[in-house]
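Protein chains in written order, with the working numbering: chain A, 126 to 616; chain B, 2 to 275.
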């Protein structure tokens with residue numbers, strides 16, 4: 126058995142088109158980082174509730190978790206999806222397989238180097254990634270390579286008709302390095318404190334909206350119709366969703382500094398324009414819902430589709446919460462509290478993984494020739510993620526509201542100051558909710574383990590099924606031809 | 002077979018492993034031997050495949066330039082490429098594979114210009130950047146009444162670096178807002194502040210902590226008093242960090258207004274109070 130599995134792994138590593146092997150490698154690496162990031166996030170929540178794990182305080186654990194989840198998991202995994210769909214939608218081979226491979230190696234190396242640097246105290250402490258300056262430029266390069274590769278591939282496309290997924294992919298891979306470049310400039314030593322803070326919030330929100338939501342939804346549009354064999358309900362809705370997400374990108378980030386030292390007009394602008402976030406999320410969710418109208422029976426037995434659908438609708442909830450909290454009236458209670466932390470958690474460990482699973486559970490069998498090793502584990506991932514992340518969203522968000530009201534209510538006393546004993550009284554009001562949030566985070570972590578187990582198990586020992594193979598024309602210009610073959614002796 | 006395989010791979014510009022599996026699949030579907038298929042490919046010939054559109058190929062997006070989306074023209078074969086080998090389809094995966102074959106492709110695109118989309122994407126980002134980051138970061142008109150910029154000593158500046166490096170800003174703000182819950186924390190922070198603002202308040206605000214705690218109290222908290230995580234610092238680093246926090250006193254004489262004065266000034270200046 127062991128010998129056969131080893132042979133299978135070799136077959137996986139040596140077979141298939143280069144793009145497909147690259148895509149599978151991205152999914153595999155991303156799954157490993159999800160587990161690591163999920164664990165760091167659990168530790169961070171422990172530190173938030175119980176005061177820290179000296180010397181790994183929340184101030185160090187949080188950027189480490191962010192780096193692992195944002196770059197290690199969400200960037201790498203969604204890039205796997207990008208490399209999976211690009212040849213299939215453009216009819217052209219990936220412009221440079223070496224660039225894709227090098228980009229993956231560079232990203233992995235940078236995430237590991239960043240984690241080591243922060244653990245040893247060399248991080249800059251600035252949210253969200255906390256990377257030392259000497260890792261910023263290499264990371265910008267690593268984030269730029271996929272954009273170059275994607276654009277060069279699209280420029281050589283054979284298929285002249287553009288499916289909506291390409292819009293989302295183009296937008297995401299272009300926005301990501303631009304966002305990070307802006308973040309780097311905003312955190313340079315000469316930047317003032319206000320700019321540095323805005324820069325971190327700008328990048329965090331932009332990353333979620335312009336990368337996770339945009340690329341995740343775009344890739345799911347591809348797998349949704351392939352898996353269910355139902356045409357997308359509305360191209361117009363998809364396009365509206367795409368531009369709305371781009372337009373909504375950063376407002377819920379800068380809105381977190383409501384009543385802060387920034388100009389007052391920012392609060393108003395952020396609240397008004399931030400409405401584009403739930404609008405974009407709702408447009409995409411409506412499109413998915415309309416597409417599946419009359420075909421919901423095809424969702425249940427397809428874990429990828431189930432995950433993507435849940436992720437899309439979960440995104441609407443999170444976007445609505447972020448938009449609501451961007452208004453001054455709500456912000457006077459929720460600003461600076463764990464309410465925003467809950468939203469970020471739900472984006473990075475709820476919407477993100479669900480959308481990633483929406484594409485990876487569909488892509489893996491096609492690119493590796495192996496069926497999902499365990500659909501039960503895939504379903505467990507979905508179930509545990511919804512319960513765990515949903516629970517964290519409710520309890521940690523609730524803790525933020527309780528804290529905010531405690532601060533306000535305490536201030537009605539002339540003697541109250543939100544420091545010292547006043548602070549302790551307000552903070553204790555939310556402690557029980559944060560404890561429950563920690564418990565839910567452990568449930569969510571079990572879901573992340575289930576995801577990684579499903580992905581790794583599929584690659585290493587999934588049952589052989591017909592593989593979808595990319596075949597190129599002799600001159601490389603005749604386009605890409607998709608065929609499905611069953612080449613495994615197990616079959 | 003290996004010579005034929007190498008020749009076919011060279012002729013097709015395709016990795017041998019891929020040609021081999023494609024040839025095996027094609028041979029299985031066409032009734033030919035693998036060698037016959039490879040020989041045909043090596044010589045630039047072609048091998049008859051299954052009826053167009055009858056296999057899983059039909060389930061894929063039209064990926065050739067000549068392809069017409071079958072949703073528009075259902076009778077047209079979805080993929081039309083002249084020379085490369087095509088392997089017939091085996092049945093799709095039972096669970097995660099595509100839905101039953103034989104239907105027209107569902108990934109139907111429309112003609113448009115990706116580079117126009119790209120221009121829009123970049124343009125939108127520039128607009129968002131200007132309004133969402135550059136605009137708020139530009140210092141507004143200074144009312145001239147006071148400043149939030151603190152003149153830190155050298156030790157204080159070193160302490161600020163340590164404060165940032167430890168990630169203190171992940172839990173503590175140094176930002177007093179003109180809101181009810183911040184009353185008594187110090188003078189309202191203006192946009193010329195040089196403190197580490199932070200965006201979360203899991204611990205109390207530290208913008209004016211120097212007026213509330215003594216150096217020994219601050220030191221005790223830093224090294225782990227109560228629920229506060231203990232920081233592992235050298236004595237000189239600890240002194241610098243304490244210096245930074247002690248000097249973070251926005252209400253020091255000549256540096257800031259009292260909270261009451263500030264509230265009045267903000268209200269008069271059009272600032273919002275909830």
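Ideal Cβ positions, reconstructed from N, Cα and C, are used throughout, including at glycine. Everything numeric in this text was worked out from a predicted model, so none of it was measured.
Could you tell me whether the region 158-178 of chain A touches the region 186-199 of chain A, using the rule of 3 or more Cβ pairs below 8 angstroms? yes
Partners in chain A for residue 168/B, counting only beta-carbon separations shorter than 8 angstroms: 182, 183, 184, 185, 187, 188, 248, 250 and 255
Within-9 angstroms CB hit, residue 279/A to chain B: yes
Using alpha carbons as the reference points, say which of 400/A, 148/A and 513/A lies closest to residue 570/A. When C-alpha distances from residue 570/A are compared across 400/A, 148/A and 513/A, the shortest belongs to 513/A.
Within chain A, partners of residue 37/B - CB distance below 7 angstroms: Those do not exist, as residue 37/B stays about 18 angstroms from chain A at its closest Cβ, beyond 7 angstroms.
Quick test of your reading: residue 228/A and residue 260/A, contact by CB under 8 angstroms. State the CB separation rounded to the nearest angstrom. Taking the Cβ atoms as the reference, residue 228/A lies roughly 15 angstroms from residue 260/A, outside the contact range of under 8 angstroms.
Cβ distance (whole Å) where residue 341/A is taken to contact residue 477/A below 8 angstroms: 7 angstroms
Inspect the beta-carbon positions of residue 523/A and residue 555/A and report whether they are closer than 9 angstroms. yes
Of the listed residues 397/A, 363/A, 269/A and 328/A, nearest to residue 339/A (C-alpha basis): 363/A
Would you kindly report the start and end of the unbroken alpha helix (DSSP H) that includes residue 446/A? 428-450
Alpha carbon of residue 404/A to alpha carbon of residue 275/A, nearest angstrom: In a straight line, the C-alpha of residue 404/A is about 28 angstroms away from that of residue 275/A.
How far does the alpha helix (DSSP H) with residue 381/A in it extend, from its first residue to its last? No alpha helix (DSSP H) contains residue 381/A, which DSSP labels as neither H nor E.
Report yes or no: is there a C-beta of chain D within less than 9 angstroms of the C-beta of residue 274/A? Going by chain labels, chain D is absent from the structure shown, which instead holds the protein chains A and B.
Distance, residue 224/B Cα to residue 410/A Cα: Between residue 410/A and residue 224/B, the C-alpha separation is close to 49 angstroms.
Give me, in chain order, the residues of the same chain whose beta-carbon lies closer than 6 angstroms to that of residue 517/A; leave out the 5 immediate sequence neighbours on both sides. 470, 562, 565 and 566
Take residue 463/A as the anchor and find which of 454/A, 450/A and 475/A has the nearest alpha-carbon. Comparing Cα positions, the closest option is 450/A.
Closer than 7 angstroms by C-beta to residue 167/A: which residues in its own chain qualify, once you throw out the five before and the five after it? Chain order, please. 566, 567 and 570
Collapsed DSSP secondary structure at residue 495/A in the structure displayed: strand
Close-in-space but distant-in-sequence residues of the same chain around residue 374/A (CB under 6 angstroms, 5 per side omitted): Cβ contact annotation for residue 374/A (same chain, cutoff 6 angstroms, sequence separation greater than five): 331, 334 and 335, in chain order.
Going by beta carbon distance, what residues of the same chain come within less than 8 angstroms of residue 526/A, once the five residues before and after it are set aside? 458, 459, 462 and 464
Who are the neighbours of residue 543/A on chain B, taking C-beta pairs under 9 angstroms? 182, 183, 184, 185, 186, 202, 205 and 206
Under the rule that 16 or more other beta-carbon atoms within 10 Å means buried, what is residue 352/A, buried or exposed? buried
Per DSSP, what kind of secondary structure is residue 41/B in: helix, strand or coil? Judged by DSSP in its simplified three-state form, residue 41/B adopts helix.
Can you tell me which of the three DSSP states residue 181/A falls into? If DSSP states are grouped into helix, strand and coil, residue 181/A belongs with the strands.
Cβ pair residue 267/A, residue 205/A closer than 9 angstroms: no
DSSP three-state assignment for residue 212/B, whether helix, strand or coil: helix
Suppose you measure from the CA of residue 365/A to the CA of residue 408/A; what does that come to, to the nearest Å? Straight-line Cα distance between these residues: approximately 7 angstroms.
Can you tell me which of the three DSSP states residue 200/B falls into? Correct three-state label for residue 200/B: coil.
Beta carbon proximity, residue 342/A to chain B, threshold 9 angstroms: no
Contact with chain A by residue 191/B, beta-carbon distance below 9 angstroms: yes
Run the CB neighbour count on residue 390/A, radius 10 Å, all protein chains shown included, and call it buried at 16 or more, exposed below. exposed
Measuring straight from C-alpha to C-alpha, what distance separates residue 229/B and residue 212/A? One Cα belongs to residue 229/B, the other to residue 212/A, and the distance between them is close to 53 angstroms.
I want to know whether the region 171-185 of chain B touches the region 133-140 of chain B - three or more CB-CB distances under 8 angstroms. no
Spatial neighbours of residue 196/A in its chain, beta-carbon cut-off 6 angstroms, leaving aside the 5 residues before and after: Only 236 meet the Cβ criterion.
List the whole-angstrom C-beta distance separating residue 425/A from residue 399/A, where the pair is believed to meet the contact cut-off of C-beta under 8 angstroms. Not confirmed; about 35 angstroms, so no contact.
Measure the alpha-carbon distance for residue 392/A versus residue 311/A and round it to whole angstroms. 20 angstroms
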